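Numbering (the numbering used here), first residue to last: 1046 to 1191.
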Amino acid sequence: MLLLATAPLAQAQPTGSDFDLVCTGTGEKMESHTDYDWDSKHHDYQERTSVGNVQVAGSVQVEIHGGEGRLRLPKNLLPLLTGGEGGWFPIRDLVVSPERIQGSFKINGLNKPKLSIDRRTGSLKIDGSQTFEGSCEPFNPASTKF
């Protein structure tokens, strides 16, 4: 008779306030377009600039460890002039409660969006000059999907 004993694999489990999230969804940003219209009166093309909102799909990464947090927005959602370090923005005024994660971050001097994540549903909302709404899932950077 052969008996096999297996020991459970030791894995570091995050505490209730330490975690990594990946949030997929869509955002909206303001964008300008330059068009040219034919002016039949002057027989010339006239430049016309219009400003409007554009939809952007992507993923937001959120990391919270040791009471501090940071996030990374999709590159196509960021304005030309932006702060951050390697695409990461520190989360300011971070509040982690059993129901919600809240804070703000500074993209540049004029844009300081608010961040809110519902911990029960996983829904994320970023509200500022650029907006983003998505659904968050836990992410373990040390493991592979398959």
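All C-beta atoms, glycine included, are put in the ideal place defined by N, C-alpha and C. Just so it is clear, the structure is predicted and the values come from calculations on it, not from any experiment.
| Check | Outcome |
| --- | --- |
| Roughly how many angstroms lie between the CA atoms of R1165 and G1114, to the nearest whole one? | 19 Å |
| Give me the Cα-Cα distance between F1184 and T1079, rounded to the nearest whole angstrom. | 41 Å |
| How is N1121 classed by DSSP in three states: helix, strand or coil? | helix |
| List, from N- to C-terminal side, the alpha helix (DSSP H) runs of 4 residues or more that fit wholly inside the stretch 1099-1143. | none |
| So which of S1142, G1129, E1108, V1141 has the shortest CA-CA distance to K1157? | G1129 |
| On a CA-only basis, which of V1105, R1145, F1150 is nearest V1067? Give me that one, please. | V1105 |
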